[in-house]
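Here's the structure we're looking at; comments come further down.
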Amino acid sequence: MKFTIAEWILIQAVICEELVRTSAVIDEMEAKGIPQGKTWPDGSKTEDFEYSMMKHRRNVLNNILTKLNNEEI
Numbered sequence: 029m030k031f032t033i034a035e036w037i038l039i040q041a042v043i044c045e046e047l048v049r050t051s052a053v054i055d056e057m058e059a060k061g062i063p064q065g066k067t068w069p070d071g072s073k074t075e076d077f078e079y080s081m082m083k084h085r086r087n088v089l090n091n092i093l094t095k096l097n098n099e100e101i
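Counting in the working numbering, the sequence shown runs from 29 upward without gaps.
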């Protein structure tokens, strides 16, 4: 997919902004202690769903940004 320079800059700026917001939310959650979700009968715990989804979102945004950086302008 080819982008104009203006499109490429705009797309990257939007993704970077979302990445910063997502990372800030994750940092805030971690500052309060890693959120715990369900506790299983064996005593193991899962991560909070929202926390897991925010980490997944950060990974997806990073992957998109990486792919965009490999595109021709």
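Every residue gets a Cβ at the ideal spot worked out from N, C-alpha and C, and that includes glycine.
- Taking 8 angstroms as the cut-off, the beta carbon of residue 46 is found closer than this to the beta carbon of residue 89.
- For residue 83 and residue 54, the gap between their C-alpha atoms comes out near 7 angstroms.
- Leaving aside the five residues that flank residue 64 on each side, the residues in its chain whose CB is nearer than 8 angstroms to its CB run, in chain order, 73, 74, 75 and 76.
- Distance from the CA of residue 78 to the CA of residue 35, rounded to the nearest whole angstrom, comes to 31 angstroms.
- A residue is called buried when at least 16 other Cβ atoms come within 10 angstroms of its Cβ; residue 50 meets this threshold and is buried.
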